[in-house]
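Remember, the numbering used here sits 3 above the position in the first sequence when you count from 1. Backbone N, C-alpha and C define an ideal beta-carbon position, used for all residues, glycine too. Owing to the predicted nature of the structure, the values given are computational and were not obtained by experimental measurement. Notes follow the structure.
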Amino acid sequence: MQYPTIENIKKFHEKEVSLKGWIKNVRSSGKIAFIILRDGTGFLQCVAVKNEMSEENYSLVKDLLYEDTVEVSGVVKSSPKAPGGYEILLSSIKVLYSYKKEEYPIQKKEHGVDFLLNHRHLWLRSSKQFAIMRIRDEIIKSIRDFMYDNEFLLLDSPIFTPTAPEGTTTLFATDYFGSDAYLSQSGQLYQEAGALAFRRAYCFGPTFRAEKSKTKRHLTEFWMVEPEMAFADLDDVMDMSEKLVCYIVKRVLERRGEELKILERDISKLEKITSPFHRMTYDEAVKLINESGVKMEWGEDFGAEQDSVLSNHFDKPVFIHRFPKKIKPFYMEIDPENPELVLGVDMYAPEGYGELVGGSQRMFDLDNLVKEAKKSNLDEEAYRWYIELRKWGSCPHAGFGLGVERTISWITGVEHIRTTIPFPRTINRLYP
RNA sequence: GCCUGAGUAGCUCAAUGGUAGAGCAAAUGGCUGUUAACCAUUAGGUUCGGGGUUCAAAUCCCUGCUCAGGCGCCA
């Protein structure tokens, strides 16, 4: 007897196996029954034939309820009719646990979003959520592998911070032994310290924004990877983030094909994600947007309509770089060829998925940084450490942030970002 | 924060001022290759809360709550 997981079942063709898992579905037809078993690594059809089992054992099948915990044994068969191509012909089934007092809330038919999110702890068991979380796992692992392979040191930024990196956005305040602390809305500034200490450093952690956003692209708690490189400029940011995104997509295509199939993702769209990505300046983007029939003035930031043009115009991600200084934060380096511009860049995903990456070359010069910080009304005392980075060993350095959930939305093709994180936190959801 | 819409059986929805209904789920029975299996029967209701109009309100009006979609903010 062997004990495989469903993920590896095809290696056990014609072998006698035993599996523990949960009942996802049962279809019974008198003398034959089809059970869909899930074990956390996949879904497998198990066939119970009345003549091949003891009568007592077969009668158990009839009474199975969704999400009963079971142990099944039988021989692995290949079958073109089975989802996944393999099934088990059962010799026995044992019910390990069954809660008969209430029916399982999540059913095979459609449900509303609110109901599903209220049952998120159970919803995670269903096949689409299973596929999304497995792809999420692969994306996170591929990011970490990429960072390691490219000689970035993982240097965790703190979650409790004394104040905001950018004055404009709203922060979650917490009581910190009698004074205020804020949940981090970006680990970037700490990574600038990291880059000057370790040349290439990154953080990968949760980020908190108390903005009352109410869209399909925002969460109040989300994950971000923020690499920072010493002796690097804006082009290096574009090169590195492009390489990273290509690597992630390739890994998911290679290792999570089954999950993409469950999600009915159009693979051909992902196969096109290869270097080089399109690169255009803000000036060119404004022109493109106006030519596409969406109006905007030079100097304005992109809104939803403008984002949509940029995100639907190409079949690959596109970089927009060199923005007006007015619409970007204080720490971005000024373009030496035009003082009205900063060396910042955003990457937009195709298929309307919007902004994935934001990055910039950071301001190098101590005096300029102090001047810009003052203009942004920054708390000088709280940022003394950050300013001090420019006193000793300052150098051109640059970095970016990649939104993990937005990347997952795009790659999985899901409509709303709330299903790309296990337990989403949004403006009106803190449960479960 | 602004705009728009929704709330009826466990779930998804119907019933346009006149007897609250269907599909799924549950329970019982039938069916030897199902694919959200199918067929039959049974059970299942404070129509989101509060107030009002009316002979009569799920339906119209006021108010509160909850949620969704879009915008703004951003990754």
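Can you tell me which of the three DSSP states residue i falls into?
i    : result
S95  : strand
R268 : coil
R325 : strand
F46  : strand
A85  : coil
P191 : First, the residue type needs correcting, since residue 191 is Gln and not Pro in the sequence shown. Helix, per DSSP.
N28  : strand
S182 : strand
F23  : As written in the sequence, residue 23 is Lys, which differs from the Phe given in the question. Strand at K23.
Q5   : strand
L63  : helix
E408 : helix
S311 : helix
R432 : strand
K298 : coil
V417 : coil
I162 : coil
N396 : Before going on, a small fix: residue 396 reads as Gly here, not Asn. G396 falls in the coil class under three-state DSSP.
I213 : The sequence given here has Ala at residue 213, not Ile. In the structure shown, A213 sits in coil (DSSP, three-state: anything other than H, G, I, E or B).
G208 : strand
K319 : coil
L156 : strand
K80  : strand
F280 : coil
I292 : helix
G402 : strand
R202 : coil
I12  : helix
Might you give, ordered along the chain, the residues of its own chain that have their beta carbon closer than 6 angstroms to the beta carbon of residue i, omitting 5 neighbours on each side?
i    : result
T164 : Y185 and S187
S82  : E90
I38  : V29 and C49
I292 : M299, Q309 and V312
V407 : W226
Using a 10 Å radius around the Cβ and a threshold of 16 neighbouring Cβ atoms, would you call residue i buried or exposed?
i    : result
A352 : buried
S32  : exposed
E74  : exposed
D71  : buried
D338 : buried
K394 : exposed
L433 : exposed
A176 : exposed
G181 : exposed
F234 : exposed
Y193 : buried
P161 : exposed
R387 : exposed
A401 : buried
S62  : exposed
W413 : buried
D349 : buried
E141 : buried
V240 : buried
E303 : exposed
M335 : buried
G190 : buried
G24  : buried
A51  : buried
S57  : exposed
H324 : buried
Quick one: residues in its chain with C-beta nearer than 7 angstroms to the C-beta of residue i, no 5 flanking neighbours on either side, listed in chain order?
i    : result
W126 : I109, L119 and Q132
F426 : R123 and P435
R254 : E141 and S145
Please list, in chain order, all residues of the same chain as residue i whose beta carbon is under 8 angstroms from its beta carbon, the five residues on each side excluded.
i    : result
E214 : T172, T173, H221 and T223
N371 : I337
S278 : E245, K246 and C249
H281 : F317, K319, P320, V321 and F322
- At 4 residues or longer, and completely inside the region 342-384: list those alpha helix (DSSP H) runs for me, N to C. 369-378
- Message: Runs of 3 residues minimum, wholly inside the region 216-263: which ones carry the beta strand (DSSP E) assignment?
- Response: 224-233
- Task: Inspect the CB distances between the region 304-313 and the region 270-278 and report whether three or more fall short of 8 angstroms.
- Result: no
- Message: Ignoring anything shorter than 4 residues, give me the alpha helix (DSSP H) runs that lie fully in the region 96-153, in order along the chain.
- Response: 116-121, 123-126 and 130-152
- Task: Would you check if the region 314-321 and the region 362-378 touch, i.e. whether three or more CB-CB distances between them fall below 8 angstroms?
- Result: no
- Item | contact_flag[the region 225-233, the region 203-213] where n(CB pairs < 8 angstroms) is 3 or more | Because the criterion of three Cβ pairs below 8 angstroms is met, the region 225-233 and the region 203-213 touch.
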